[in-house]
Each structure stands twice: as structure tokens, then as C-alpha cells.
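Presented below is the structure to which this report refers.
Residue numbers (my numbering): 1 to 427.
Written as C-alpha cells, this is what we have:
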């Protein structure tokens, strides 16, 4: 049955169906086969509803809405100006600014694709004018956007926390360390690239200009303070933080900056509603699919075939990393989390692995796969935004992927990179 389900899904994907349709078709075939007809379809519907029932999922549309509001407003531009004022004059400063801006906007949006749009739009043309190769600039933007999946708020972490029952607040805090490590590595590589290619530096900003940039960025910097500070201080939950972020974004862009009107807010809300509908259909379909393959004991058969029961913790984390990395090279990250997390959950629990560490490793692998050929979703976002051919977009990605994989390996052997802040905050 498992091979037939896989074949149905692959064929439908190749034909061109959106991912939610093959997921639903695979689940429907599984229910039809397991229960000898369509008499148990109500069970499938129940599992779909159960998949979108957790209250924590409310945070997903709210963070998407807040990110959309800020992308249409001034917040992203002010964050870019702040970083540029302090790093623009150093060798590779514009590239470092791009990576740091992706990190800051990730701390606001939680979405890799929103980060590609918000940061790539204004900074890619500036990098090209400054003398950076298009392949480098595009690859940097695509891969630096991965940091948005690790720096809170992360939509991937919310989905993982819901599926695995792991504390989303702990996941948020644990993602900060790996996210900052990636930023440091990308900054070092950007410096070396600019030095080797003799890329000119930008004029040094005066302290008066830096002061003005700080003042202009104070309002947008309130987002990470609200999210991290509020959760760290126990003031509110991640879901409540998402609601407050929406209110803060509306207040900022409509009242303080006066950059958005009611018409633009309504258009943003409609856009968020469409994206949310797709996300929740994927979550519901993934829940039904995960239930039927678990009922059929397909995960146990697959994991037993590779002998995972005899593996130690490091080997299991390695298998998990490879599985999620490869999965996200072909399929939407949310789908991969929904399908694979329940498969590996029994092994993770049996070995007593820290679910927060596993969640951070999975989130990082999902982010890497999202920017990796052949079908990483961030690649196609960049193709649409930058209007560049596929092979031009992916040409400069290998060095960044190597660095990201290096961070993933470091997390397996040095988990305190991720868990240090978590342990300080919650233990």
C-alpha cells in the first residue's frame, strides 16, 4: 500500500497538482484500502479537523499578517538603514548588511519567503550596483533568509511544536543561537568574497547619521523585544505574542509611519487569508496522511528496514537531518514537517532525545532544503521576485549550503549552541 500511495503522489506532483492535492489523494487511497471502501471517510475528516484544532496554530496567520503589513510599510527599510549605517563601510559591508537585515526581518516575520521579498527587493539592486556578482547576491539573499526560520518567531517551529507537542516558547528561544551563528559565518564569507573580488566599500556613516538610523529603527526593533522579551519574561504565550505583533504592526504602519491606509490593510488581510487557507489545508491533509500511514505501520516498517532501532543518538540525529534535508529539496517545508515528524517521534522518545534540540535540527534542515535545488521553495520565490532564470538563481548557492550543513553538524555534536539560552530561560 505504501508504495502505491507514494506512486500516486509522485505522479500527481509531476502532472502539476499543488501539494495539497497529492497529500489528500494519498490519504484518501490509504483510507479506502485500509477500510475496504469509503465507509470510514468520516474518520479521515475527523483527523483533518484534529490537525488544525490546536490553538497554537492561531499564531501562524497572525505572524503572516504582521509580516505582510511590515513588508508593505516602512519597517523593513528602516531595519536595512540601521545595519547599513554601522556595517556599510567595512569590506563586504553591503553583503553583511543584507545577511543582518534578513536576520532582523526574520525576527519580525518568521517566514523565509517574506524575508526574500522584503530584503531582496531593495538590497539586491544595491549589491549589483556596488559590484557584487548577481549569482552571489541572489544566493546570499536566498540562504540568509533561512535565518528567519530559526530566529523567533518561526512558522516552522510553530508547526513542529504543534505536531510533536513540544513547547513553542522553548523552541523560539533555542533557535536564536544557531541563527546568530549562521549570520556570523555568512558575514565572514561576505568579507572574504568582497576582499578577493575587490568590491568597493560604501562611505562610512557619521555618528550623527548612525544616531538618526537608530532613532528611525527603534519602532521596528520593538517586534523582537515583544516576541522574545514577552515570552522569555513569561508575560504572554507565543500565540498571544503573535496577536500583539499584529496590533503593533497596524499601529506602526498606519498611525506612526502613516504609510498604509484602510484599503492597503484590507488588501493585506485578503492576501494573508489566501496564504493561511493554503497552510491550513496542508496541515489538515498532512494530519490525515500521517494518521493513515501510522495506522498502517508504514513508518515502523521503513525505519526497521534501515535498522534505526539499533542506532545511537548521533546516528539517529544524522538520519533525521538527511531525511528532512532531502524532503525539503522537493516538497513544501510544512508538508515535510507534518509527514516526517510523526514517523521519527517514537525513535526520538525511545532514545530520550531532547525534543527541543530535535526541533531546532529539523527546523534548520527544513530551512536548508528550502533553499536547495532542485525544488526548494525559496528558489522559486527568488525566480518570481527577481525575474531570473532557474540556473542563474542557484549558481551561487553551494558555498552557503556547505556553511549551513556545517552548522547542522555542529548542532548534533555541540547541542549547547542551541540549548544554552533555552536552559537559561526555562531551567
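All C-beta atoms, glycine included, are put in the ideal place defined by N, C-alpha and C.
Any idea what DSSP makes of residue i, helix, strand or coil?
i	result
residue 239	helix
residue 29	helix
residue 360	helix
residue 197	coil
residue 209	helix
residue 297	coil
residue 219	coil
residue 112	helix
residue 185	helix
residue 324	helix
residue 434	Any property of residue 434 remains undetermined from this structure, which presents the chain solely from 1 to 427.
residue 91	coil
residue 234	coil
residue 78	helix
residue 154	coil
residue 430	Residue 430 cannot be examined here, being either before or after the span of the chain that is shown, 1 to 427.
residue 369	helix
Compare the C-alpha of residue i against each of the options and name the closest.
i	options	result
residue 385	57, 142, 62	142
residue 353	413, 273, 186, 203	413
residue 112	144, 133, 129, 88	144
residue 409	266, 268, 320	320
residue 223	207, 328, 208, 247	247
residue 398	174, 382, 135	135
residue 400	171, 56, 187	187
residue 270	62, 138, 54	62
residue 422	231, 367, 50, 53	231
residue 361	235, 349, 160, 402	160
Are the beta-carbon atoms of residue i and residue j separated by less than 8 angstroms?
i	j	result
residue 275	residue 64	yes
residue 82	residue 205	no
residue 106	residue 66	no
residue 364	residue 150	yes
residue 154	residue 92	no
residue 100	residue 183	yes
residue 347	residue 308	yes
residue 338	residue 290	yes
residue 202	residue 94	yes
residue 316	residue 262	no
residue 168	residue 176	no
Which two residues bound the contiguous alpha helix (DSSP H) that contains residue i?
i	result
residue 342	333–351
residue 72	59–72
residue 416	416–426
residue 52	Counting along the chain, residue 52 falls outside any alpha helix (DSSP H), and DSSP gives it neither H nor E.
residue 166	Segment: none, residue 166 is in no alpha helix (DSSP H) and carries neither H nor E.
residue 139	134–144
residue 149	Per DSSP, residue 149 belongs to no alpha helix (DSSP H) and is neither H nor E.
residue 307	Looking at the DSSP string, residue 307 is not in any alpha helix (DSSP H), and its letter there is neither H nor E.
residue 405	398–413
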